[in-house]
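The letter at position 7 of the sequence shown is residue 7 when you use the UniProt record's numbering, and the numbering goes up by one with no holes.
All C-beta atoms, glycine included, are put in the ideal place defined by N, C-alpha and C.
All values reported here derive from a predicted model rather than from experimental measurement.
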Amino acid sequence: MYQTPEDRPIYRLLTGKDDRAFCERVSEALEQGWRLYGSPTLAWDTENSCMKAAQAVVWHEADVVKA
C-alpha cells in the first residue's frame, strides 16, 4: 500500500470557493507529491453567489487508471 501524508486515501477531491486560497490548496497538494487527476470543474453557487471549484488529485505513486 502507498504511504500518503497524514495517511490520506490515494484519491482526494479538493473543493472550495474559486479563489486564491483554493489555488494555494491545490498547489500545496502538488508540492506534497499529489498529482492532478483530470480537469478541474467549476460551478456557480447560487446560494452563496460565488464560483466553486473542484480538482481531483491522486498520490504520485498510485497506479490509477481512468475509466
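- Non-local C-beta neighbours of glycine 16 in its own chain, meaning closer than 6 angstroms and more than five positions away in sequence, comprise Phe22, ordered along the chain.
- With contacts defined as CB atoms closer than 8 angstroms, glutamate 61 and tyrosine 11 fail to qualify as a contacting pair.
- Where glutamine 55 is concerned, the enclosing beta strand (DSSP E) starts and stops at 50-59.
- In this structure, the straight-line span from the alpha carbon of methionine 51 to that of leucine 14 is close to 14 angstroms.
- Taking a contact as a CB-CB distance under 8 angstroms, the pair alanine 29 and proline 40 does not count as one, their CB atoms being some 13 angstroms apart.
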